[in-house]
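Scroll down for the structure; my scribbles are underneath it.
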Amino acid sequence: MPPRRHIVIRADAAPRMGTGHVMRCMALARAARERGLDVLIATRTTVPWLRQRLAREGVAFYELEGNAPEREKPGALLAQIATCDPDGSAAWCILDGYHFTPECHRAVRAEGYHLLVVDDYAHLSEYHADILLNQNIGAESLSYQGEIGCRLLGPRHALLRAEFRLARDAARKRNLAPHLENLLLTLGGGDFSGHLTRIAPFFAQEELRGVELRVIAGSMAHDRIRAALADTPARLEILSGVNDMPGLLLQTDLAVSAGGSTCWELCCLGVPFLTTVVAENQVGIATGLATLGVADELNHETLRRMIVNAAARAGASEAGRRLVDGDGAARVIDQLMRKTFRLRPARPSDSRAILDIANDAGVRRWSFSPDPIAPSDHEAWFADRLAGERGPFYVAETEDADGPAGYVRFDRAGEDAAVISVALSSPQRGKGLGALLIRESCRLAFCGTPGLRRVTAWILPENVASLRAFAGAGFTPEGTGEYKGRSALRFAFERAPDGSRTAITTREGDES
305 MPPRRHIVIR ADAAPRMGTG HVMRCMALAR AARERGLDVL IATRTTVPWL RQRLAREGVA
365 FYELEGNAPE REKPGALLAQ IATCDPDGSA AWCILDGYHF TPECHRAVRA EGYHLLVVDD
425 YAHLSEYHAD ILLNQNIGAE SLSYQGEIGC RLLGPRHALL RAEFRLARDA ARKRNLAPHL
485 ENLLLTLGGG DFSGHLTRIA PFFAQEELRG VELRVIAGSM AHDRIRAALA DTPARLEILS
545 GVNDMPGLLL QTDLAVSAGG STCWELCCLG VPFLTTVVAE NQVGIATGLA TLGVADELNH
605 ETLRRMIVNA AARAGASEAG RRLVDGDGAA RVIDQLMRKT FRLRPARPSD SRAILDIAND
665 AGVRRWSFSP DPIAPSDHEA WFADRLAGER GPFYVAETED ADGPAGYVRF DRAGEDAAVI
725 SVALSSPQRG KGLGALLIRE SCRLAFCGTP GLRRVTAWIL PENVASLRAF AGAGFTPEGT
785 GEYKGRSALR FAFERAPDGS RTAITTREGD ES
């Protein structure tokens, strides 16, 4: 069987339902791809610019025929997945849409897939999923029923594309204008021209004279937008097919947004905004944002206050930035990987597999002892290592590997310190497992090793993959030094006095 490392995502888009389901799944797809995972989005979409966007982003997608039904039939869903995954190699299926029923959940899991369900407001009577994701404020208070393995709830898991995370530094350095210059209005990717007509009078107030009002059209006709906003004194600009949303937000002093996923993008970049509810599932988000002091709901007075009060805009900006950090999609993918990955103590029967991994050319290349290890030397070392009390030794297993996918070893170095050695088998590299393996093994080591407080990692400067993995696992650089006669970078992970963090020393694929 091909490696079970692929993900099939089902999400649809249409003017009546908007594009948010597909857009946030695009963020998930890109986060998965950054970890070397293969992802395919199967979608029904009648929104031309969204198809173009998927293609431009390089996200593989398969267009399904017809329009999204009110309720997807389980048999039809399985047929769609089978079309996208003919050899059954996908480990995960992700469903994002209100038309996927509990029967759909059960059917997908019965086919042997792990299932992630993305939800917004607990609209189903029950859910059946390995992971249930609700990125919205107030998700923790919803009553979810059914067979649910893991719940990822709240804006900490907001699904934003990587460019929003990367734009946070520029956003932090940006000073909000003391006088409002640019106002953005975005109601989502659907056709919400009826709602625009209802809120248009708020934009007729005189305080907007001289302000640039940019409106993201979505699926709304430009002439209807102009007609609805005919009375605004602002300079009107209509935007279609926005390709650089972070860049646009960095030029925005205030936004008015539907209460959907765009709210998390605005929060991430610290753009002050007001909300306007265009769909039932947005009520809880808008209410929660107002309660936290992040964004009030749009009316004549709240818009006027945000136009004239720079301090109010600054306060809302900071509150939003604290709520969303842009790493939510990566956290979700990490959780998916944890579900198909486990650590266990090494045992004598692992000896040959550990030697094969340690002697792989890709491991020896970055070791401080690059010569191949003789089998007899390894057998003696391995038996002694397991028999002694020199520190934890873990083996990583994944669903797509018949034997160990890698190992991580902690060698005690004094009363409170340890040295970590990490290696992955060749088929497991490039999937983002390194940081996950390091984080999880450190957690186990600190929980199970009394007195362990510090770990230090020595890494060759050219070993870019390991540098990225240890940084991703939370290690802090401590400068350069000499280790085993070679110049190396030292990283550490310190355990805080309350035991919440730890520190570790690392050697790559080194047995001696």
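Okay, so the sequence shown: first residue is 305 according to the numbering used here, each after it adds one. Cβ coordinates follow ideal geometry from the N, Cα and C atoms, glycine included. Every value quoted in this text rests on a predicted model; they were computed, and no experiment measured them.
Original post:
With contact counted as at least three CB pairs below 8 Å, one residue from each stretch, are the region 505-519 and the region 366-379 in contact?
Top reply: no
Original post:
Whose C-beta lies closer than 6 Å to the C-beta of L436 among residues of the same chain, with five residues either side of it excluded?
Top reply: V421, I452, R455
Original post:
Helix or strand or just coil, what does DSSP make of F686?
Top reply: helix
Original post:
Between P406 and L382, is the Cβ-Cβ spacing less than 7 Å?
Top reply: no
**OP:** From the DSSP output, in three-state form, read off L573 for me.
**Re:** coil
Original post:
Would V768 be called buried (16 or more neighbouring beta carbons within 10 Å of its own) or exposed?
Top reply: exposed
Original post:
Are the beta-carbon atoms belonging to L517 and C571 less than 7 Å from one another?
Top reply: no
Original post:
What does a CB cutoff of less than 7 Å around G632 pick up in its chain, not counting 5 residues either side in sequence?
Top reply: Q439, R460, H461, A462, L463, L464
**OP:** Helix, strand or coil for R790, going by three-state DSSP, please let me know.
**Re:** strand
**OP:** Please confirm if the region 723-741 is in contact with the region 768-780, defined as three or more CB-CB distances below 8 Å between the two stretches.
**Re:** yes
**OP:** State the beta-bridge partners of N438 as determined by DSSP.
**Re:** L457
Subject >> Within 7 Å, strictly: CB atoms of F468 and E569 >> reply: yes
Original post:
Mind pulling the beta strand (DSSP E) runs of 3 or more residues that sit fully within the region 696-744?
Top reply: 697-702, 710-716, 721-728
Original post:
Grouping DSSP H, G and I as helix and E and B as strand, with all else coil, what is L464?
Top reply: coil
**OP:** Please classify S447: is it buried, with 16 or more other beta-carbons within 10 angstroms of its beta-carbon, or exposed?
**Re:** exposed
**OP:** Could you check what DSSP says for S804 in three-state terms: helix, strand or coil?
**Re:** Caution is warranted here: a pLDDT of 46 is assigned to S804, below 50, making its placement in the model unreliable, and the coordinate value is therefore given only provisionally. Residue state, collapsed to three classes: coil.
**OP:** Using a threshold of 7 Å, state whether the C-beta atoms of S497 and R530 are closer than that.
**Re:** no
**OP:** Locate the beta strand (DSSP E) running through S561, then write down its first and last residues.
**Re:** 558-562
Original post:
In terms of residue numbering, what span does the beta strand (DSSP E) encompassing P649 cover?
Top reply: 645-649
**OP:** Using a threshold of 7 Å, state whether the C-beta atoms of D557 and E605 are closer than that.
**Re:** no
Subject >> Same chain, Cβ closer than 6 Å to R513, neighbours up to 5 away in sequence not counted >> reply: P537
Original post:
Would you report the Cα separation of L553 and S445, rounded to the nearest angstrom?
Top reply: 31 Å
Original post:
How many Å lie between M610 and V519 at the Cα?
Top reply: 18 Å
Original post:
Tell me the DSSP bridge mates of A315?
Top reply: D400
**OP:** List in chain order: all unbroken alpha helix (DSSP H) runs of 4+ residues lying wholly within the region 573-644.
**Re:** 587-595, 604-612, 614-627, 632-643
Original post:
Whole beta strand (DSSP E) runs in the region 754-779 with 3 or more residues, listed along the chain?
Top reply: 758-763
Original post:
Quick one: what does DSSP say I677 is sitting in, helix, strand or coil?
Top reply: coil
Subject >> One or two residues paired with P352 in a DSSP bridge >> reply: In DSSP, P352 forms no bridge with anything.
**OP:** For S653, count neighbouring C-beta atoms within 10 Å of its own C-beta (all shown protein chains included) and say buried if the count is 16 or more, exposed if not.
**Re:** exposed
Original post:
Using the rule of at least 16 other Cβ atoms within 10 Å of the residue's Cβ for burial, across every protein chain shown, is A386 buried or exposed?
Top reply: exposed
**OP:** Note down the Cα distance separating V699 from A684, rounded to an integer number of angstroms.
**Re:** 18 Å
Original post:
CB V363 to CB A333, shorter than 7 Å?
Top reply: yes
**OP:** Would you identify the three-state DSSP class for V515, choosing helix, strand or coil?
**Re:** coil
Original post:
What separation, rounded to the nearest whole angstrom, lies between the Cα atoms of C820 and L793?
Top reply: Since the first residue of the chain shown is 305 and the last is 816, residue 820 is not available in this structure.
Original post:
Got a sec? Which residues, its chain only, sit under 8 Å from R360 by beta carbon, not counting five neighbours each side?
Top reply: N547
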